[in-house]
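Comments concern the structure below.
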Amino acid sequence: MRDFSIILKTLLRQKFRFQKYTASGKKNRVLLAFIIVGVACLPMIALVAFSVYNTGLVMKTAGVVTEGYTYLITALQAVVLFTGIVSMLNTIYFSKDTEFLLPLPVKTSSIYAAKLVYVYIDELITGVLTSLLLLIPYAIAVNAPFFLYIQLLLVIIIAPMLPLLLGAILAIPLMWVIGYFKNKGIITSIVYVLLMGLLFGLYYYFIYKYTGTVAEDSLPGEMLARLIVSISDGARAILPNYLLAKTLNPVSFSEYILSFLYAILMYAALMFVAIGVSSLVYRKTVMKQLENPKKKMVVKSSEKRVGIVGALMKSDAKRLFRDPNMGTFTLFQLIIVPIILVFMLFQFNTDNLGMDAAFLKPILLVGALAFTLFMGMSTNTSATSAFTRENRNFYVLKMLPIDFKNILKAKIYLAGIFSEATLVIAAIVAGIMTKADWYYVLAMIGVYTFLNIGTTSLQVFIDLARPRLNWNTFNEGAKNNPSALMSLLIDFVMMIVVVGIGGIFLYPLFTVGTLSAWAEPAMWAVLLAISLVYMIISYEITIKNSQKLFERIEQ
Amino acid sequence: MLKIENVSKSYAKSPVKAVDGLNLEVRDGEIFGFLGPNGAGKSTTIKMITGILNSDSGDIEINGISLKKDPIKAKMTIGYVPDEHNTYDKLTGNEYLNFIGEMYDVPQKTLEERKAKYLKLFHLDENANEQIKSYSHGMKQKILVIAALIHEPKLWILDEPLTGLDPESAFELKKLMREQADNGNTVFFSSHVIDVVEKVCDRVAIINHGKLIAVDTLANLKKDKTVSLEKIFLDITNENNIETVYGSKL
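Chains Z and E are the protein sequences, given in the same order. At position 319 of the first sequence the residue is numbered 319 (the working numbering), and the sequence of numbers has no breaks. The number in the working numbering is simply the position in the second sequence, starting from 1, with 1000 added.
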């Protein structure tokens, strides 16, 4: 226990110790960036909270309050899973401190447990923020008595454990597969991301199977009854969460005590299995990761010349994909954004909503555009960590006898390629699933491309202004860095603009039920024009102002 | 030729200057040793010469080219071996050298010839297609040495270059340094291993607290032939002894 607490304390100190100055000698204002993003996102936060509040009112009327809690806890866990699983694998299995920790005279299980708890504490912040959005408005809507808010706090603390513990167990076969593909360059990253995609796919399939979006007003009584049974069955299937949810809406004190006890026992058993089994194979697994067999790679001794920008991109891409951490972060968006989009469009299809396709198609296409822009761009780690990922090799860029503009272009182009691929896939998926006309899909790709170039430039620019160098795990550099935070804000504004323009042109659909022939083409023309202007301005700002930022960075 | 003129450098918000008004001239064809205790300002100076750090004041000229006015042209003539072995370790040795060759605009044919020559010299030819992360400490050092030589620089800067090298490679490196100097190039060499500095260098500078304390040939520094450079170094860097050794601070 002593070893565990010492290791945990050190890990937390390393993570949360505030750096007063950044690599460029400027005052570290990451907290300010958090506040700005938070304030800017307030309208969205309010919108989500309001929707959850209304859902709470509906659930209360339908008599499925506990089930509602269950789904919200599951949604909270989905967010933790989304943000935490890659962090967990990176912290536990791919961290550079492993070589330092393994020779210490402490039990492997202590190292493993300390790292797992460290990830949990890190993710708890996400859990708490998500809870404020989901559980609190819901509790207000269902008139939860005051003492249950205290129980809510306990639930908020306990709930994020489930995805992390399940992730820890799933990581064992995952790491075995990765170990098998180790030193196979890009294949390792692709296998890793595909497995993660499978995990998310299964999760969303589960949620989709047991839930459905139904317009409440249009439901006949029989259908509503079936829906309530479906919601009820689905909630009970997620037993640990259902038990936790019951403690938030107990019929009696004994039910509260029993549910809480069962929930705690289930979580404890899961923790016992996760830590017990994982720590048994932990040493072997990480040691396999540390092995560097002298494996010759099939590369030509002399390579074709591709010019300075090309050579910089080639070297960057190789380094990106030969590192499972970075490769995963980079490819993650390519897998996860289309998966979520597919499930979203399935849920909002005409059959589910009982609406006319002519009414729904343009709305869904704009919705898909806005969603993909936000998700696809904000998860583009190759842009938000363009300079951060150089880490201790940043000096190489500074000593090279080349014009900085070449370095900047190489960074923008490489990052832009990944997000462009995600966005084009998303446009095709959205086009197929909404049965959109091909020219609108092309227009969508055009809007994506312009916004992508503009946003990628800004993301690279912001990362250059405050890069996080000298990290031990890529997670430290990639997550919560100012560029990632500011990128969220930019992408959010972009999403609002797209929805706003869409809303203006598609408004007649909601009032008179039809659109004039020019409305959709005009909407896409305006979107294309605005994106083009945005691209030109962002790119110019980046190209003109980056040199001095680069020169200021000292390592 | 390397000329450092009144160069100073402070780090963010630190009241103490890491390098304080440094003036130094290193001639063509000489191996110049740069000595100093930990934290004296050696690495900061070297990073300023290589363009990794900017100086707060003063200028650095490399072969008559101002690093401030024309950094790209100046950097073209520098080869740098860093003290830490941080490099693109996900690339193979070959890929890294190809990358550096392209950055320094070395013609393809010449690059291939030089790669073959140096990889063989440092016994890395067998490992050239392995990722650098699988290299030992010494092998990483060797690939960095080769990368610094691949464009045949006029000024070769080595920061603690012998760390981790096996005796044979250390010998080859010292021989290469001499060859470079004999060809009219400049070798700027920082080390803690005073014995090596004593054997290899033509002139030596000693820096402490960011200020130059002594710069001279070994013969002139060693007024008393029986005293080792190590003793001189220890005496000079001990502030109380400076005046005893030199009469006054430089």
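Using N, Cα and C, we set each Cβ at its ideal position, and we do this for glycine too.
Task: Cα-Cα separation, E/Ile1132 to Z/Leu532 - done: Residue numbering aside, residue 1132 of chain E sits at position 132 when the second sequence is read from its first letter. Residue numbering aside, residue 532 of chain Z sits at position 532 when the first sequence is read from its first letter. Those two C-alpha atoms are separated by around 43 Å.
TODO: Could you check what DSSP says for Z/Trp524 in three-state terms: helix, strand or coil?
DONE: What you label residue 524 of chain Z is simply residue 524 of the first sequence in a count that begins at 1. Looking at Z/Trp524 - three-state DSSP - the assignment turns out to be helix.
Open item on the list: I want to verify the contact list: residues of chain A whose CB lies under 7 Å from the CB of E/Asn1086, in sequence order.
Closed with: Looking at the structure shown, chain A is missing, and the protein chains on hand are Z and E.
Task: Limits of the unbroken alpha helix (DSSP H) element including E/Asp1020 - done: Counting from one through the second sequence, the residue named residue 1020 of chain E turns up at place 20. Here E/Asp1020 belongs to no alpha helix (DSSP H); instead the beta strand (DSSP E) covers Lys1017 to Val1026.
TODO: Could you work out which residue in Z/Leu334, Z/Ala525, Z/Gly63 and Z/Leu549 is closest to Z/Val498 when comparing CA atoms only?
DONE: Counting from 1 along the first sequence, the entry for residue 498 of chain Z is found at position 498. Considering only alpha carbons, the answer is Z/Ala525.
Task: Z/Asn475: first and last residue of the uninterrupted alpha helix (DSSP H) it sits in - done: Locating residue 475 of chain Z in the first sequence gives position 475, where the first residue counts as 1. Start and end: Phe474 to Ala478.
- [ ] Quick one: using the 10 Å Cβ neighbour count with 16 as the cut-off for buried, is Z/Lys569 buried or exposed?
- [x] What the structure shows of chain Z is the stretch from 1 to 555, and residue 569 of chain Z is not part of that stretch, so it cannot be assessed.
- [ ] Go through its chain and collect everything with a Cβ distance to E/Tyr1096's Cβ below 8 Å, but skip five positions before and after it.
- [x] Taking the second sequence and counting its residues from 1, one reaches residue 1096 of chain E at position 96. Result list for E/Tyr1096: Thr1087, Tyr1088, Ile1132, Ile1143 and Ala1147, in chain order.
- [ ] Could I get the ranges of all uninterrupted alpha helix (DSSP H) runs contained in the region 370-431 of chain Z, with 4 residues as the minimum, in chain order?
- [x] 381-384 and 394-399
- [ ] Classify Z/Asp491 as helix, strand or coil using the three-state DSSP reduction.
- [x] As a working mapping, residue 491 of chain Z is identified with position 491 in the first sequence. The answer is helix: DSSP assigns Z/Asp491 an H, G or I state.
Open item on the list: Against chain E, does Z/Pro482 count as a neighbour if the rule is that its beta carbon must be under 7 Å from one of theirs?
Closed with: Numbered from its first residue, the first sequence carries residue 482 of chain Z at position 482. It does not: the Cβ of Z/Pro482 has no partner Cβ on chain E nearer than 7 Å.
Task: Contact check, E/Lys1003 vs E/Ser1055, beta carbons under 7 Å - done: As a first step, residue 1003 of chain E is located in the second sequence; it is residue number 3 there, counting from the start. As a first step, residue 1055 of chain E is located in the second sequence; it is residue number 55 there, counting from the start. In this structure, E/Ser1055 does not lie closer than 7 Å to E/Lys1003 by Cβ.
- [ ] Pull up the distance between the alpha-carbon of E/Leu1173 and that of E/Glu1152, whole angstroms please.
- [x] As a position in the second sequence, residue 1173 of chain E is number 173, starting the count at 1. As a position in the second sequence, residue 1152 of chain E is number 152, starting the count at 1. C-alpha separation (whole angstroms): 15 Å.
Open item on the list: I'd like to know if E/Thr1044 contacts chain Z, where contact means its C-beta is closer than 7 Å to some C-beta of that chain.
Closed with: Position 44 of the second sequence, counted from the start, is the residue given in the question as residue 1044 of chain E. Answer no: the Cβ-Cβ gap between E/Thr1044 and chain Z never drops below 7 Å.
TODO: Taking only the alpha-carbon atoms, compute the straight-line gap between E/Tyr1246 and E/Gly1093 and give it to the nearest angstrom.
DONE: Numbered from its first residue, the second sequence carries residue 1246 of chain E at position 246. Numbered from its first residue, the second sequence carries residue 1093 of chain E at position 93. Caution is warranted here: a pLDDT of 47 is assigned to E/Tyr1246, below 50, making its placement in the model unreliable, and the coordinate value is therefore given only provisionally. For E/Tyr1246 and E/Gly1093, the distance between alpha carbons rounds to 47 Å.
TODO: Select from the region 1086-1111 of chain E all residues with a C-beta closer than 7 Å to any C-beta belonging to chain Z, and list them in chain order.
DONE: Asn1086, Thr1087, Tyr1088, Lys1090, Leu1091, Thr1092, Asn1094, Glu1095, Asn1098, Phe1099, Glu1102, Met1103, Tyr1104 and Gln1108
- [ ] Could you tell me which residues DSSP puts in a beta bridge with E/Asn1208?
- [x] Sequence index remark: in the second sequence, residue 1208 of chain E carries index 208 (1-based). Answer by DSSP bridge pairing, in chain order: E/Lys1211.
Open item on the list: Short of 6 Å in beta carbon distance, which residues of its chain neighbour Z/Tyr282, apart from the five on each side in sequence? Order them along the chain.
Closed with: By one-based count along the first sequence, residue 282 of chain Z stands at place 282. Thr108 and Tyr112, listed in sequence order.
TODO: Give the C-beta separation of E/Gly1033 and E/Phe1189 to the nearest angstrom, bearing in mind that I take them to be a contact with Cβ-Cβ under 8 Å.
DONE: Position 33 of the second sequence, counted from the first residue, corresponds to residue 1033 of chain E. Position 189 of the second sequence, counted from the first residue, corresponds to residue 1189 of chain E. The pair is a contact, with the Cβ atoms about 5 Å apart (cut-off 8 Å).
TODO: Have a look at the DSSP bridge pairing and note the partners of E/Tyr1080.
DONE: On the second sequence, residue 1080 of chain E is found 80 positions in, with the first residue counted as 1. E/Ile1157.
- [ ] Hey, could you find the ends of the alpha helix (DSSP H) E/Thr1087 is sitting in?
- [x] Working through the second sequence from its first residue, we reach residue 1087 of chain E at position 87. That residue, E/Thr1087, is in no alpha helix (DSSP H); it is neither H nor E in DSSP.
TODO: Anything in chain E within Cβ reach of Z/Glu554, meaning under 7 Å, just list it in chain order.
DONE: Counting from 1 along the first sequence, the entry for residue 554 of chain Z is found at position 554. Going along chain E in sequence order, the residues near Z/Glu554 (Cβ under 7 Å) are Leu1053.
Open item on the list: For E/Thr1186, report the span of its beta strand (DSSP E) as first-last.
Closed with: Taking the second sequence and counting its residues from 1, one reaches residue 1186 of chain E at position 186. Residues Thr1186 to Ser1190.
Open item on the list: Is it buried or exposed, E/Trp1156, if we count other Cβ atoms within 10 angstroms and call 16 or more buried?
Closed with: Taking the first residue of the second sequence as 1, we reach residue 1156 of chain E at position 156. Under this definition E/Trp1156 is a buried residue.
Open item on the list: At the 7 Å Cβ level, is Z/Ile402 part of the contact set with chain E, yes or no?
Closed with: Translated into positions along the first sequence, residue 402 of chain Z becomes position 402. Closer than 7 Å: yes.
Task: Environment of E/Gln1141 [buried if 16+ CB atoms lie within 10 Å] - done: Locating residue 1141 of chain E in the second sequence gives position 141, counting from the first residue. When all chains shown are included, E/Gln1141 counts as buried.
TODO: Would you please state the rounded distance, in angstroms, between the beta carbons of Z/Thr91 and Z/Lys115? I believe it to be under 8 Å.
DONE: For the purposes of this step, residue 91 of chain Z is taken as residue 91 along the first sequence, with counting starting at 1. For the purposes of this step, residue 115 of chain Z is taken as residue 115 along the first sequence, with counting starting at 1. 6 Å between Cβ atoms; contact.
- [ ] Could you tell me if Z/Thr384 is buried or exposed, where buried requires 16 or more neighbouring beta carbons within 10 angstroms of its beta carbon?
- [x] By one-based count along the first sequence, residue 384 of chain Z stands at place 384. Classification of Z/Thr384: buried, given that the 10 Å Cβ count is 16 or more.
TODO: Between the Cα of E/Ala1214 and those of E/Ile1060, E/Leu1024 and E/Glu1102, spot the shortest distance and give me the residue it belongs to.
DONE: Residue 1214 of chain E sits at position 214 when you count from the first residue of the second sequence. It is E/Leu1024 whose Cα lies nearest to the Cα of E/Ala1214.
Task: Z/Leu369 and Z/Thr434 closer than 7 Å at C-beta - done: On the first sequence, residue 369 of chain Z is found 369 positions in, with the first residue counted as 1. On the first sequence, residue 434 of chain Z is found 434 positions in, with the first residue counted as 1. For Z/Leu369 and Z/Thr434, no; Cβs fall outside 7 Å.
Open item on the list: Distance check for Z/Phe387 and Z/Asp403, CA to CA, integer angstroms please.
Closed with: Taking the first residue of the first sequence as 1, we reach residue 403 of chain Z at position 403. Taking the first residue of the first sequence as 1, we reach residue 387 of chain Z at position 387. One C-alpha to the other measures close to 16 Å.
Task: Which residues DSSP lists as bridging E/Gly1033, in chain order - done: By one-based count along the second sequence, residue 1033 of chain E stands at place 33. Answer is E/Phe1189 and E/Val1204, bridged to E/Gly1033.
- [ ] Starting from Z/Val52, trace the alpha helix (DSSP H) both ways and give me its first and last residue.
- [x] The sequence position of residue 52 of chain Z within the first sequence is 52, counting from 1. Where Z/Val52 is concerned, the enclosing alpha helix (DSSP H) stretches over Leu42 to Ala62.
Task: E/Thr1217 - DSSP class collapsed to helix/strand/coil - done: Along the second sequence, one-based indexing puts residue 1217 of chain E at 217. Here E/Thr1217 sits in strand by DSSP.
TODO: Within 10 angstroms of the Cβ of E/Arg1027, are there 16 or more other Cβ atoms? Answer buried if so, exposed if not.
DONE: Counting from one through the second sequence, the residue named residue 1027 of chain E turns up at place 27. It counts as exposed.
TODO: Compile a chain-ordered list of the residues in the region 1046-1080 of chain E whose CB is closer than 9 Å to at least one CB of chain Z.
DONE: Lys1047, Thr1050, Gly1051, Ile1052, Leu1053, Asn1054, Pro1071, Ile1072, Lys1073, Ala1074, Lys1075, Met1076, Thr1077, Ile1078 and Tyr1080
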